[in-house]
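Below is one structure, written out as structure tokens, with a few remarks after it.
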Amino acid sequence: MNKIILLIIGVCIASTAMAQVKINPPTGRIAIVADGNSPDPDDLGGTAVSLALLRAAGLENRLVHYSHCCDLVGVNPFSPKNKISPKAEIERHALMQAACDVTARRWGGFENITFFDAKWQMDATIKDLEKAINASTADDPLWIIEAGEPDIIGFALAQTSREKHKYVKVITHHPANDDSGDFYSWKEILDFGVEEVRIPDQNIHLKVDIEKWEWARTHSDSRIQQIWVQGKIAEVDDVVKFQKGKWDCSDAGMVLYWITGANVNGGSVTGTVNDVRKILSDFVERN
Numbered sequence: 004m005n006k007i008i009l010l011i012i013g014v015c016i017a018s019t020a021m022a023q024v025k026i027n028p029p030t031g032r033i034a035i036v037a038d039g040n041s042p043d044p045d046d047l048g049g050t051a052v053s054l055a056l057l058r059a060a061g062l063e064n065r066l067v068h069y070s071h072c073c074d075l076v077g078v079n080p081f082s083p084k085n086k087i088s089p090k091a092e093i094e095r096h097a098l099m100q101a102a103c104d105v106t107a108r109r110w111g112g113f114e115n116i117t118f119f120d121a122k123w124q125m126d127a128t129i130k131d132l133e134k135a136i137n138a139s140t141a142d143d144p145l146w147i148i149e150a151g152e153p154d155i156i157g158f159a160l161a162q163t164s165r166e167k168h169k170y171v172k173v174i175t176h177h178p179a180n181d182d183s184g185d186f187y188s189w190k191e192i193l194d195f196g197v198e199e200v201r202i203p204d205q206n207i208h209l210k211v212d213i214e215k216w217e218w219a220r221t222h223s224d225s226r227i228q229q230i231w232v233q234g235k236i237a238e239v240d241d242v243v244k245f246q247k248g249k250w251d252c253s254d255a256g257m258v259l260y261w262i263t264g265a266n267v268n269g270g271s272v273t274g275t276v277n278d279v280r281k282i283l284s285d286f287v288e289r290n
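In the numbering used here, the protein residues as written are 4 to 290.
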């Protein structure tokens, strides 16, 4: 009997937690700069979840830039920084592009966005982010999600008016991204006059045992199943070992923070898998 009571209490607590997700974004637009061509493949799941969250929250039209594979320096398999073979990196470029294109097509609403490969389309990527920065105003700021190395952000800031930089906010959650640039340090990014928006490490709640995503694998909607596939591809990646048994969408925690309010409307700094599940499940039930 006691076990039954505890089970009921647990279900009630979980249901309450899932019901508390509130979509309340700040004003402005959002840009996302991800890697994925570095050793860690977590951006595969992170990209799929980020796009799905924006669509499910009805904010897909606020996404004005998305680029991936922002690790710009040539791969050196003998470097302690970048232990990935040239062939494996080429594979990652393809996987990241697929994560963008497939998720966008299946979830819909991203017809006006070009998903740039930052390393292979560097000039076009920088120009696209420059355009988003130059369009920024006090009433329409730009929130940049730093989901990889900061160099693309630095190059775009260097080519834009400093007057616009005060309307740019860069969200970060981990020094592994901040300190990984080959051309710009994190201090140099901040020296442009942008606002730093730092939240806690999102790996804590969004890099989890893969069993916690079983709900997505067995979901009746193929869109949510496809999200699970992207994270599973990262889990079975053979370049790194630290993703084994894990489903990781940690960088999407910054998007979750933004759509729930960011530092203006009290966004969630401790986003969880249950939050993601609630937002995505509600959307597919309605659509």
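Backbone N, C-alpha and C fix where the C-beta goes; we use that ideal spot for every residue, glycine too.
With DSSP as the reference, label D74 as helix, strand or coil.
-> As a first step, residue 74 is located in the sequence shown; it is residue number 71 there, counting from the start. Note: D74 maps to coil in three-state DSSP.
Mind checking who L132 pairs with in its DSSP beta bridge?
-> For the purposes of this step, residue 132 is identified with residue 129 of the sequence shown, where counting begins at 1. In DSSP, L132 forms no bridge with anything.
Name the two residues that bound the continuous beta strand (DSSP E) containing R201.
-> The count along the sequence shown starts at 1 and reaches residue 201 at position 198. Where R201 is concerned, the enclosing beta strand (DSSP E) stretches over 198-201.
Taking DSSP as the reference, what is the three-state secondary structure of P83?
-> As a first step, residue 83 is located in the sequence shown; it is residue number 80 there, counting from the start. Any reading at P83 must be qualified, since the residue scores a pLDDT of 48, below 50, and its modelled position is unreliable; no value is offered.
In the structure shown, what three-state DSSP assignment does I230 receive?
-> Residue mapping note: residue 230 aligns to position 227 of the sequence shown, counting from 1. If DSSP states are grouped into helix, strand and coil, I230 belongs with the helices.
In chain order, which beta strand (DSSP E) runs of at least 3 residues are fully inside the segment 148-221?
-> 171-175, 198-201, 210-212
Counting only the same chain and skipping the five closest in sequence on each side, list residues whose C-beta sits under 6 angstroms from that of R201.
-> The sequence position of residue 201 within the sequence shown is 198, counting from 1. Here the set comprises T175.
Under 8 angstroms by Cβ, that's how I've got S183 and E214 pegged, so tell me the actual separation to the nearest angstrom.
-> Within the sequence shown, the letter at position 180 stands for residue 183. Within the sequence shown, the letter at position 211 stands for residue 214. Not confirmed; about 30 angstroms, so no contact.
What does a CB cutoff of less than 7 angstroms around G31 pick up in its chain, not counting 5 residues either side in sequence?
-> Position 28 of the sequence shown, counted from the start, is the residue given in the question as residue 31. Within the same chain, G31 has close Cβ partners D143, P144, L145, W146.
Exposed or buried, N40, counting other C-beta atoms within 10 Å across all chains shown (16 or more means buried)?
-> Sequence index remark: in the sequence shown, residue 40 carries index 37 (1-based). Taking a 10 Å sphere around the C-beta of N40, we find 16 or more other C-beta atoms and assign the residue as buried.
Could you spell out where the beta strand (DSSP E) holding I33 opens and where it closes?
-> Sequence index remark: in the sequence shown, residue 33 carries index 30 (1-based). In the DSSP annotation of this structure, the continuous segment of the beta strand (DSSP E) that includes I33 starts and ends at 32-37.
Going by the CB atoms, is the gap between L132 and A159 shorter than 7 angstroms?
-> Working through the sequence shown from its first residue, we reach residue 159 at position 156. Working through the sequence shown from its first residue, we reach residue 132 at position 129. Yes; because the gap between Cβ atoms is below 7 angstroms, this pair is in contact.
Complete beta strand (DSSP E) runs within the segment 238-266 (minimum length 3 residues, chain order) | 249-251
Using only alpha-carbon positions, find the residue among A237, S53, I87, A135 that is nearest to V276.
-> Counting from one through the sequence shown, the residue named residue 276 turns up at place 273. Nearest C-alpha to V276: S53.
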